[in-house]
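Visitor:
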Amino acid sequence: MSKGLPKRSEDYSQWYNELVKRADLAENSAVRGCMVIKPYGYSIWEKMQAELDRMFKETGHTNAYFPLFIPKSFLSKEASHVEGFAKECAVVTHYRLKNAEDGSGVIVDPEAKLEEELIVRPTSETVIWSTYKNWIQSYRDLPLLVNQWANVVRWEMRTRLFLRTAEFLWQEGHTAHATAKEAMDETMQMMNVYAQFAEEFMALPVVRGRKTANERFAGADDTLCIEAMMQDGKALQAGTSHFLGQNFAKAFDVKFATKEGGLDFVWGTSWGVSTRLMGALIMAHSDDNGLVLPPKLAPTQVVIVPIYRGEGELESISVKAKEIMTELRKKGISVKFDDRDTHKPGWKFAEYELKGVPVRIAMGPRDLENGTIEIARRDTLTKETFSLSEMSIGEKISSLLEEIQNSIYSKAFQFRTEMTTEVNSWDEFKKVLEEKGGFLSAHWDGTSETEEKIKELTKATIRCIPLDRKEEAGKCILTGNPSVGRVYFAKAY
1 MSKGLPKRSE DYSQWYNELV KRADLAENSA VRGCMVIKPY GYSIWEKMQA
51 ELDRMFKETG HTNAYFPLFI PKSFLSKEAS HVEGFAKECA VVTHYRLKNA
101 EDGSGVIVDP EAKLEEELIV RPTSETVIWS TYKNWIQSYR DLPLLVNQWA
151 NVVRWEMRTR LFLRTAEFLW QEGHTAHATA KEAMDETMQM MNVYAQFAEE
201 FMALPVVRGR KTANERFAGA DDTLCIEAMM QDGKALQAGT SHFLGQNFAK
251 AFDVKFATKE GGLDFVWGTS WGVSTRLMGA LIMAHSDDNG LVLPPKLAPT
301 QVVIVPIYRG EGELESISVK AKEIMTELRK KGISVKFDDR DTHKPGWKFA
351 EYELKGVPVR IAMGPRDLEN GTIEIARRDT LTKETFSLSE MSIGEKISSL
401 LEEIQNSIYS KAFQFRTEMT TEVNSWDEFK KVLEEKGGFL SAHWDGTSET
451 EEKIKELTKA TIRCIPLDRK EEAGKCILTG NPSVGRVYFA KAY
């Protein structure tokens, strides 16, 4: 199973690629740049999706679905938007195939050319705002709080499973408001929802911040984000929330009658996270033995492995295992009893270690006699013998899962703290970036030119301007020009 898995310290990229495949999360598909998300990987995504969907609905949002295809003319209506996505768009030009006359196979029917080409959605602002024009007439129709779960296509040339694929799954929220303040409050609220999800469910500490103008979403007036630190010292953007101003409302002529009797363009937001979160989950917590999954997102939280020699011993163990499973399920804990006779216990141990199951229980005939079980933690790889008479197994495992969830978060938080360095000179910046990596807290003069120059020289980008940063006078690490505060630089995925 995990035997032969590359070590993170030797080849982090290869370790990640191998782990994704060996843990049965995903694989490359027959379509270049696209992936097949396998059942185990999709089970984790489903748990993410369920929690996020619950959080969205608790904040007043409802789900809808919009077309996969977008008329090309729609993208032309918002100039910065089309500029931002033009190079990534897949275009549909024909609507029919036919058999080649020479019998060589099917060809595109030249007579079936579309009057207007269709873009396979890279994001849905344009098609949604064209729809909102029909839905919004008055302030009584606002706010409009809509989300959709969908797939999008962005034609990536260099791909990596979960992190960057030509097609990926995501959710995209699109809301409309009567005032700029309401829209900005929404933008902030959804960034905080993402941060709460990342920290409470993914056990992933994040930096809440604002993107610079260079890094802002195409077509937005402001972009808020959450940034996470991976174990190789690179940052990963884990979620974004955009204040669109009135840009798309003006592009699609979405106006509303105000309370005062006037007419105004509505204010918009959009926000999204994708299956890229799967990549973040893997890279932030896993080790050289395989996945380490936070219990709140693990498809199976507990696995029970019987250790037996004959059918009689298995039958006795099965009776006790069923009692334990019943008690755990009453606590809302997902549990599996692996009584397959095709694999030995040691092989099963390695399999569940590779797949990141948080808790493993081993039971043999001697355990039954003594009224004990062996409990192993995936996060620390430690074991303990637990007496079933000591306390309720449901209480024990519930407490243990909570402890594991907190422990995984604490470990990631400590790592991020260690990988955040304050630097004050250009030489120090280059040295830390090269030798250590991580987040570099440094002064920047606020200009796009300096930002681009630093990126060109080092491949490091400004990940965000932290929302909680202290305003302090300083000098830009590259130009020496005045700076009003520190920003976070890092190399990133």
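Residue 493 is where the sequence shown ends in the UniProt record's numbering, and the numbering goes up by one at each step.
Just so you know, even glycine gets a beta-carbon here, dropped at the ideal spot from N, CA and C.
Note that the structure is predicted; figures quoted are calculated from it, not measured.
Out of curiosity, what's the CA-to-CA distance linking residue 246 and residue 238?
Guide: Translated into positions along the sequence shown, residue 246 becomes position 246. Translated into positions along the sequence shown, residue 238 becomes position 238. If you take the alpha carbons of residue 246 and residue 238, they lie about 26 Å apart.
Visitor: Are at least three pairs of beta-carbons, each pair with one atom in the stretch 27-39 and one in the stretch 149-164, less than 8 Å apart?
Guide: yes
Visitor: Per DSSP, residue 104 forms a beta bridge with which residues?
Guide: Position 104 of the sequence shown holds residue 104. DSSP, once it has assigned bridges, lists no residue as partnering residue 104.
Visitor: In whole angstroms, give me the CA-to-CA distance for residue 496 and residue 224.
Guide: Given a span of 1 to 493 for the chain in the structure shown, any question on residue 496 remains unanswerable.
Visitor: Hey, could you find the ends of the alpha helix (DSSP H) residue 252 is sitting in?
Guide: What you label residue 252 is simply residue 252 of the sequence shown in a count that begins at 1. Run containing residue 252: none; DSSP gives neither H nor E here.
Visitor: So, is residue 19 buried or exposed, given that buried needs 16 or more other C-beta atoms within 10 angstroms?
Guide: Position 19 of the sequence shown, counted from the start, is the residue given in the question as residue 19. Residue 19 is buried by the Cβ-count criterion.
Visitor: Could you please give me the residues that DSSP links to residue 369 through a beta bridge?
Guide: By 1-based counting over the sequence shown, the position of residue 369 is 369. According to DSSP, residue 369 bridges with nothing at all.
Visitor: Would you give the residue range spanned by the beta strand (DSSP E) that residue 192 belongs to?
Guide: Stepping through the sequence shown from its first residue, residue 192 is reached at position 192. Careful: residue 192 lies outside any beta strand (DSSP E), inside the alpha helix (DSSP H) at 180-200.
Visitor: Let's see if you can read the secondary structure: which residues bound the beta strand (DSSP E) around residue 176?
Guide: Position 176 of the sequence shown, counted from the start, is the residue given in the question as residue 176. That run of the beta strand (DSSP E) goes 167-177.
Visitor: Tell me the residue span of the alpha helix (DSSP H) that contains residue 337.
Guide: For this step, residue 337 is matched to residue 337 along the sequence shown. Looking at the DSSP string, residue 337 is not in any alpha helix (DSSP H); the run it does join, the beta strand (DSSP E), is 335-337.
Visitor: As a quick exercise: from 386, 11, 179 and 73, pick the residue whose alpha carbon is nearest that of residue 359.
Guide: Numbered from 1 along the sequence shown, position 359 holds the residue referred to as residue 359. Checking every option, the nearest Cα to that of residue 359 belongs to 386.
Visitor: In whole angstroms, what separates the C-alpha of residue 369 from that of residue 418?
Guide: As a first step, residue 369 must be located in the sequence shown, where it is residue number 369. As a first step, residue 418 must be located in the sequence shown, where it is residue number 418. Approximately 48 Å between the Cα atoms of the pair.
Visitor: Is the stretch 312-327 in contact with the stretch 287-298, if contact means three or more CB pairs nearer than 8 Å?
Guide: Counting C-beta pairs with one atom in each stretch, the stretch 312-327 and the stretch 287-298 have fewer than three that are closer than 8 Å, which means they do not touch.
Visitor: Using three-state DSSP, classify residue 391 as helix, strand or coil.
Guide: Reading the sequence shown from its first residue, position 391 is the one you call residue 391. Reduced to three states, the DSSP call for residue 391 is coil.
Visitor: Provide the residue span of the alpha helix (DSSP H) that contains residue 74, from first to last.
Guide: What you label residue 74 is simply residue 74 of the sequence shown in a count that begins at 1. Start and end: 72-75.
Visitor: Is the number of C-beta pairs between the stretch 369-379 and the stretch 256-264 that are closer than 8 Å three or more?
Guide: Result no; under three Cβ-Cβ pairs closer than 8 Å.
Visitor: Between residue 47 and the rest of its own chain, which residues show a CB-CB distance below 6 Å, the 5 nearest in sequence each way excluded?
Guide: The residue you call residue 47 lines up with position 47 of the sequence shown. Once the five neighbours on either side are set aside, the close Cβ partners of residue 47 are 297.
Visitor: What is the rounded straight-line gap between the Cα of residue 52 and the Cα of residue 312?
Guide: Position 52 of the sequence shown, counted from the start, is the residue given in the question as residue 52. Position 312 of the sequence shown, counted from the start, is the residue given in the question as residue 312. Distance between the alpha carbons of residue 52 and residue 312 is about 46 Å.
Visitor: Go ahead and pull the three-state DSSP assignment for residue 488.
Guide: Residue numbering aside, residue 488 sits at position 488 when the sequence shown is read from its first letter. Here DSSP, grouped into helix, strand and coil, assigns residue 488 to strand.
Visitor: If you drop the 5 nearest sequence neighbours on each side, which residues of the same chain put their C-beta closer than 7 Å to that of residue 422?
Guide: Residue mapping note: residue 422 aligns to position 422 of the sequence shown, counting from 1. 441.
Visitor: With distances taken Cα to Cα, identify the nearest neighbour of residue 452 among 354, 431, 468 and 479.
Guide: For this step, residue 452 is matched to residue 452 along the sequence shown. Closest by alpha carbon: 479.
Visitor: My output table needs one value for residue 124: the three-state DSSP class, helix, strand or coil.
Guide: The sequence position of residue 124 within the sequence shown is 124, counting from 1. Coil at residue 124, not helix or strand.
Visitor: Counting C-beta neighbours from all protein chains within 10 Å, is the total for residue 171 16 or more, i.e. buried, or is it exposed?
Guide: Taking the first residue of the sequence shown as position 1, residue 171 is located at position 171. Flag for residue 171 reads buried.
Visitor: Whole angstroms is fine: what's the gap from residue 147's alpha carbon to residue 57's?
Guide: If you number the sequence shown from 1, residue 147 lands on position 147. If you number the sequence shown from 1, residue 57 lands on position 57. Answer to the nearest angstrom: the Cα atoms are 9 Å apart.
Visitor: Bridge partners for residue 482 per DSSP, in chain order?
Guide: Start at 1 with the first residue of the sequence shown, and residue 482 comes out as number 482. Beta-bridge pairing links residue 482 to 475.
Visitor: Looking only at its chain, what residues have a beta carbon closer than 8 Å to the beta carbon of residue 436, apart from the 5 residues adjacent to it on each side?
Guide: Taking the sequence shown and counting its residues from 1, one reaches residue 436 at position 436. So the qualifying residues of the chain are 233, 419 and 421.
Visitor: Using three-state DSSP, classify residue 270 as helix, strand or coil.
Guide: Mapped onto the sequence shown, residue 270 falls at position 270. Correct three-state label for residue 270: strand.
Visitor: In whole angstroms, what is the alpha-carbon distance linking residue 163 and residue 280?
Guide: To locate residue 163, count along the sequence shown from 1; it is residue 163. To locate residue 280, count along the sequence shown from 1; it is residue 280. Between residue 163 and residue 280, the C-alpha separation is close to 8 Å.
Visitor: Which one of 339, 241, 477 and 398 has the shortest CA to CA distance from residue 447?
Guide: Start at 1 with the first residue of the sequence shown, and residue 447 comes out as number 447. When each option's Cα is compared against that of residue 447, the closest is 477.
Visitor: Can you tell me where the alpha helix (DSSP H) with residue 87 in it begins and where it stops?
Guide: The sequence position of residue 87 within the sequence shown is 87, counting from 1. Looking at the DSSP string, residue 87 is not in any alpha helix (DSSP H), and its letter there is neither H nor E.
Visitor: From the DSSP output, read off the bridge partner residues of residue 148.
Guide: Reading the sequence shown from its first residue, position 148 is the one you call residue 148. Partner(s): 172.
Visitor: Looking at residue 268 and residue 175, is the spacing between their C-beta atoms short of 8 Å?
Guide: In the sequence shown, counting from the first residue as 1, residue 175 sits at position 175. In the sequence shown, counting from the first residue as 1, residue 268 sits at position 268. Closer than 8 Å, so yes.
Visitor: Can you find a CB in chain D that lies within less than 8 Å of the CB of residue 429?
Guide: No chain D appears in the structure shown, which is made up of a single protein chain.
Visitor: Are the stretch 69-86 and the stretch 107-126 in contact at 8 Å, needing three or more beta carbon pairs?
Guide: yes
Visitor: Quick check: the Cα distance between residue 409 and residue 8, rounded to an integer number of angstroms?
Guide: Looking up residue 409 in the sequence shown gives position 409. Looking up residue 8 in the sequence shown gives position 8. For residue 409 and residue 8, the distance between alpha carbons rounds to 20 Å.
Visitor: Does DSSP put residue 307 in a helix, a strand or coil?
Guide: The sequence position of residue 307 within the sequence shown is 307, counting from 1. Three-state DSSP puts residue 307 in coil, outside helix and strand.
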